[in-house]
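Notes to accompany the following structure.
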Amino acid sequence: MELSPRFNFNEVDEKWSKFWVENNFFHAHVDPAKKPYAVVIPPPNVTGILHMGHALNNTLQDIMIRYKRMRGFETLWMPGTDHAGIATQNVVERQLSKEGKTRHDVGRDEMLRRLWDWKKQYGDTIINQLKKLGASCDWERTRFTMDEEYSKAVRSVFVRLYEKGLIYQGEYIINWCPRCQTALSDEEAEHRDLQGNLYYLRYPIKGEENAFITVATTRPETMLGDTAVAVNPKDKRYKKYIDKTLTLPLVDREIKVIADEFVDSKFGTGAVKVTPAHDPNDFAMGKRHKLEFVNIMHPNGVLNERAGDFEGMDRFEAREAVIEELSELKLLEKIEPHTHAVGHCYRCHTVVEPYLSKQWFVRMEPLAKPALEAVRKGKIKFYPSLWTKVYLNWMENIRDWCISRQIWWGHRIPVWYCVGDGQCKLACKEPIVSATVPEKCPHCGSGNLKQDEDVLDTWFSSWLWPFATFGWPFEDKANKPAREELAYFYPTASLFTAPEIIFFWVARMIMAGFEFMGDIPFSDVYIHGTVRDAKGRKMSKSLGNAIDPLEIIREYGADALRFSLIINSGQDLFISKEKFEIGRNFANKVWNASRLILMRVSHSSADFDLAKVDRRALDLPSRWIISRFYVTLEKVGAAVDRYRFSEAESLIYEFFWSNFCDWYLETIKDRWADENVPKVALGVLENSFKMMHPFMPFVTEELWDKISKGKGALCIQGWPAFSRKLLDKEAEKDMEALRGVVSAVRTVRTQWNITSGQTISCCFIVRTRKDAALLEANLVMIKNMARLESVTVGQTLAKVKNAATALVGGIKCVIPLGGVIDVDKEKKRILDQAGEQQRLLEGLEKRLGNKEFVKKAPAEVVAKEKERSAALQAKVRELKQVIASLE
RNA sequence: GGACGAAUAGCUCAGCUGGUUAGAGCACUUGAUUUACAUUCAAGGGGUCGAAGGUUCAAAUCCUUCUUCGUCCACCA
């Protein structure tokens, strides 16, 4: 069979991703004979296009899922997308604005129609891209957070929590995005340090000439909504002013000086302006002191009628204007530069406004309790474990969750208000909370009901993902199979996500799991690093530093993308395009090694069972490579089990490239006619495909298909079985010795600048029969690997003039070089070597002479050191003799 | 302000429970190639393991302090 000299991933990738899906290999079902292993995908936004973060996240999941599938688990990888309320609405609003319209121009129904159209047209984009990556999801189950069934779960959860008293409505200061014109949760407001100013404003004291209290603020425009000035009751400077009346400049409102412990006397002037409607702390103070709440702003950030002359100005415009006017009135004392953290909308990056409005909230403390316990007691484990503390710290200080959003794309809040038809009584003011559309008001019977305008936070649906994707709460009683599936696969096994998602999603899923399923949603949480550019900046479209994974797939192949990402994924990844060469080169190496074997080996050799072969019939390199394979297999499995994916790949890389290709395949080059050699080569290759498949599914499936046709698809093969008996310690040790000998000869070759045209011979001088036998048995291999013309093995120290020498273990290589050798140079080299060994020996002997060491160190350490010392002594002796022979 | 992490070759990092002469990839130098692969092979140079103390027979590894970076959280107006 002919293979091209390059791995043409372009011809291969699509073929297999189609093949896997068409053959339904990834469809999971209840199988009592198998253990379940389920992972739910972090649902990407429907607006999403695959970026490096997705590529990393999904490759990790795919490795684990493919690995577990091969290990005999019934694996389910549940895919789907998230409706991403604000993000999606923003996308469609941008389309609208190209037509010169806003969502309010077209109205809610038309806007929703457009949103669904958009979803139908583009919503599968990222799903298709995940298929290109090789993700082995159960695609039949692909869910969307706004599927009808899923939406039922969301409404049901709202009603349940409301009935439990865990959902309430109230007027509070929330994070408001004036551009999106919606409330945001605390997590959705991203704090960034901004260079701003601290403005010192003077508020005149009523009835006193030229007397002021100076307050400091970063947002001077909010002074228009001030309803008090607060000082610390212990602050001696201000004691006399407490309860005095001030005149609020520009709006001429009379406000009181109040005393509140919250005020930090050391900051600013020690006196704080209090704006209860525009600042969370002031809001609390306002409640404590029963102050008036003056809202000076429209939802779009433009000042309203309460702002007097400033009405109609944007908040930042007003800031300038207020300062200018106060300055003219000589009421601006000074301006100091001041850096402080300012919240930004996580979707559009507009500066968030603390804004007073009526919203729905979830009471989190009761939900957090079991979720905290589960992690504290280790029922849920984080990998790496350091994230445990981050999680616990947040959960211990959890605050209520604002879940209403003033947008249209999402799950509409299942609350209705009785508008009444004349006969309405007081009771009808109670909202009607119902999972289904109520027909009439339960109090007055009126059918004139109006649903709450708001929708729910996107995360209020995604926190149900691990069970709502199965069809929970199964209101359709006939849906028995789905119930069984949930019972079988829940709790799921592992969750793979990025650190910034811990609060948004992971913590909330754990809470929902306990609240609605009475159990953890998953037992392991693997937190992977962030993908950054070579300079360490986050990859982002706006920075223009993003590398498109699809471009890498086109140019280097999906396996190259996957392999390169994972081998760099120990912590945060610093990625540039060249980083993907390692994966491309490795996939190509796998391809070419297979090509070599295919060119020499007939397919009948494929039935060779590595695990059952009689080792005694094999040559040393074959025994060695089989043992190396099993050592690697065991370590790779252990690494994946511990979520150490980059380590697993390094092991594979080292084994396949440095051991199998560079040594084994090289040693057998002239021995394809031997009985066992082709079988071992093919056997190791086939088993390597299995071991490598979770990491590089495409190239391995392609090669498996070429080499092992008839055994079925590689992706559903069993993981090679391991047992200690398959290891061959002796072969490993012997082969290491011979590799050292070969390397030593090669070094001498390079050092003496011996080109390939020149043939040299080597004499090995050994002390033990065992070494002699080892060399004799492998002379051909050594000759080939070290490119030697002739080799002899002797047991006496030959006195050879003009010879380069090298010592490996107990074996001395003597290479007569005739005229090429510069005796002085060689002498110096040997002397240097001897000096170094001597130093090592002295250090060792000092340690061995230390009674404490001999007494306290573990016996095997002492034994090892003694052995080493003996070997070093022999070596030093040898080197001295070599020098003598050069005299 | 709090919490957590990192510092090892020019660069990116591994080094897990203290125990051979601290490793890998990239980059660099030199050489090889009618041979499966130049997306290759071989050989080499390059390290006071951030600093200072301490514990120990033994420290890159454990402890303390410091320095420098990073991440997350937080209402200092």
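Per my numbering, the first sequence starts with residue 744, numbered consecutively.
The beta-carbon is built from N, C-alpha and C at its ideal position, and this holds for glycine as well.
How would you call residue i, buried or exposed, if buried means at least 16 neighbouring beta carbons within 10 angstroms?
i, result
"Arg1582", "exposed"
"Arg935", "exposed"
"Cys1091", "exposed"
"Ile1459", "exposed"
"Lys761", "exposed"
"Arg1371", "buried"
"Ala1520", "exposed"
"Val1065", "buried"
"Thr845", "exposed"
"Ser1319", "exposed"
"Ile869", "buried"
"His847", "exposed"
"Ile1573", "buried"
"Pro1421", "buried"
"Val1604", "exposed"
"Tyr911", "exposed"
"Ser1147", "buried"
"Phe1010", "exposed"
"Gly796", "buried"
"Ile1078", "exposed"
"Val1180", "exposed"
"Asp1302", "buried"
Checking the sheet assignment: what are the DSSP bridge partners for residue i?
i, result
"His826", "DSSP output for His826 lists no bridge partner at all."
"Ala932", "Cys1088"
"Tyr1160", "Lys1193"
"Thr957", "Arg945"
"Phe1125", "Val1268"
"Cys920", "Thr925"
"Cys1171", "Cys1171 pairs with nothing; no bridge assigned."
"Pro976", "Its beta-bridge partners do not exist; DSSP assigns none."
"Arg1482", "Answer is none; Arg1482 lacks a bridge partner."
"Glu997", "Thr990"
For the putative contact between residue i and residue j, defined by C-beta atoms under 8 Å, what is the C-beta separation to the nearest angstrom?
i, j, result
"Ser1431", "Phe1403", "7 Å"
"Asp825", "Thr1212", "Actually they do not touch by this definition, with Cβ atoms about 11 Å apart."
"Val783", "Ala827", "That pair is no contact at about 17 Å."
"Thr885", "Gly823", "6 Å"
"Phe1026", "Ser879", "Phe1026 to Ser879, Cβ: 50 Å. No contact."
State yes or no: is the C-beta of residue i within less than 8 Å of the C-beta of residue j?
i, j, result
"Gly939", "Ile1039", "no"
"Asp1267", "Pro1234", "no"
"Arg1031", "Asp1007", "no"
"Cys1506", "Gly1553", "no"
"Ala1250", "Ala1424", "no"
"Pro1440", "Arg809", "yes"
"Tyr943", "Gln1102", "no"
"Ser1177", "Val902", "yes"
"Val834", "Trp861", "yes"
"Pro1019", "Met1028", "yes"
"Pro1242", "Met1252", "no"
"Val1105", "Leu904", "yes"
"Gln872", "Leu793", "yes"
"Phe1329", "Tyr1231", "no"
Mind checking which residues open and close the alpha helix (DSSP H) that includes residue i?
i, result
"Ile1564", "From DSSP, Ile1564 is part of no alpha helix (DSSP H); its letter is neither H nor E."
"Val1597", "1594-1599"
"Ile1369", "1363-1384"
"Met1439", "Segment: none, Met1439 is in no alpha helix (DSSP H) and carries neither H nor E."
"Met854", "851-865"
"Lys1223", "1223-1232"
"Trp820", "Run containing Trp820: none in the alpha helix (DSSP H); it sits in the beta strand (DSSP E), 817-821."
Could you give the residue range of the beta strand (DSSP E) that holds residue i?
i, result
"Ile1141", "That residue, Ile1141, is in no beta strand (DSSP E); it is neither H nor E in DSSP."
"Pro1559", "1554-1559"
"Trp1406", "Looking at the DSSP string, Trp1406 is not in any beta strand (DSSP E), and its letter there is neither H nor E."
"Val1105", "1096-1105"
"Ala776", "Neither: Ala776 is in no beta strand (DSSP E) and is coded neither H nor E."
"Thr1273", "Per DSSP, Thr1273 belongs to no beta strand (DSSP E) and is neither H nor E."
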